[in-house]
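S.K.: One structure is given below, represented as structure tokens, and several questions about it will come after.
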Amino acid sequence: MRMLAFGIAVLLACSSAPAFAGASTAGSSAMGVGTSASSKTTSPDNNNNKVVLQARDDAASFIASDGRIRGAQLEAALRYLRERNADARRSSDMQLAQAILAM
76 MRMLAFGIAV LLACSSAPAF AGASTAGSSA MGVGTSASSK TTSPDNNNNK
126 VVLQARDDAA SFIASDGRIR GAQLEAALRY LRERNADARR SSDMQLAQAI
176 LAM
């Protein structure tokens, strides 16, 4: 589970590299990625990162309802992650939702 969350964090960090350019420190933790992705720098990749980060509430609802509540933002994030990451394609929706929530 930790490796999946780390993999998602790395995916987001790699796709938003320009957002790190002006930062004095670019932490490798999911929190560092979240902070970077919320910067004012806008690019297509940065906007896609927002797809994942904005799915946190939907991910929490999905987890709390044992998979019965599937929000549109979560669905978009799952699709985004699976298009870009082989580990995400092999992971269940629940595992990905937990990784999103852990970011």
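Under the working numbering, the letters of the sequence shown match residues 76 to 178, in that order. By construction, the Cβ of each residue, glycine as well, lies at the ideal position given by its N, Cα and C atoms.
Are the beta-carbon atoms belonging to alanine 163 and leucine 149 less than 8 Å from one another?
M.R.: As a first step, residue 163 is located in the sequence shown; it is residue number 88 there, counting from the start. As a first step, residue 149 is located in the sequence shown; it is residue number 74 there, counting from the start. Cβ distance not < 8 Å, so alanine 163 and leucine 149 don't count as in contact.
S.K.: For methionine 178, count neighbouring Cβ atoms within 10 angstroms of its own Cβ and tell me buried if that reaches 16, exposed if not.
M.R.: Taking the first residue of the sequence shown as 1, we reach residue 178 at position 103. That one is buried.
S.K.: For aspartate 141 and isoleucine 175, I'd like the C-alpha separation in whole angstroms.
M.R.: By 1-based counting over the sequence shown, the position of residue 141 is 66. By 1-based counting over the sequence shown, the position of residue 175 is 100. Each residue's Cα considered, the two are about 15 Å apart.
S.K.: Output needed for isoleucine 144: all residues of its chain with C-beta closer than 7 Å, excluding positions within five of it in sequence on either side, in chain order.
M.R.: For the purposes of this step, residue 144 is taken as residue 69 along the sequence shown, with counting starting at 1. Hits under 7 Å: Ser136 and Phe137.
S.K.: What alpha helix (DSSP H) runs, 4 residues minimum, are completely inside the segment 116-163?
M.R.: DSSP runs (the alpha helix (DSSP H)) wholly in the segment 116-163: 119-128, 131-139 and 147-159.
S.K.: Considering only the beta carbon of each residue, do alanine 151 and alanine 130 sit closer than 8 Å?
M.R.: Counting from one through the sequence shown, the residue named residue 151 turns up at place 76. Counting from one through the sequence shown, the residue named residue 130 turns up at place 55. It is a contact, given that the beta carbons lie within the stated cut-off.
S.K.: Would DSSP call methionine 178 helix, strand or coil?
M.R.: As a position in the sequence shown, residue 178 is number 103, starting the count at 1. In the structure shown, methionine 178 sits in coil (DSSP, three-state: anything other than H, G, I, E or B).
S.K.: So aspartate 168 and leucine 156 are supposed to be a Cβ contact under 8 Å. How far apart are they, rounded?
M.R.: Working through the sequence shown from its first residue, we reach residue 168 at position 93. Working through the sequence shown from its first residue, we reach residue 156 at position 81. Incorrect: roughly 10 Å between the Cβ atoms, too far for contact.
S.K.: How big is the Cα-Cα spacing for aspartate 133 and glycine 146?
M.R.: By one-based count along the sequence shown, residue 133 stands at place 58. By one-based count along the sequence shown, residue 146 stands at place 71. Cα-Cα distance, rounded: 5 Å.
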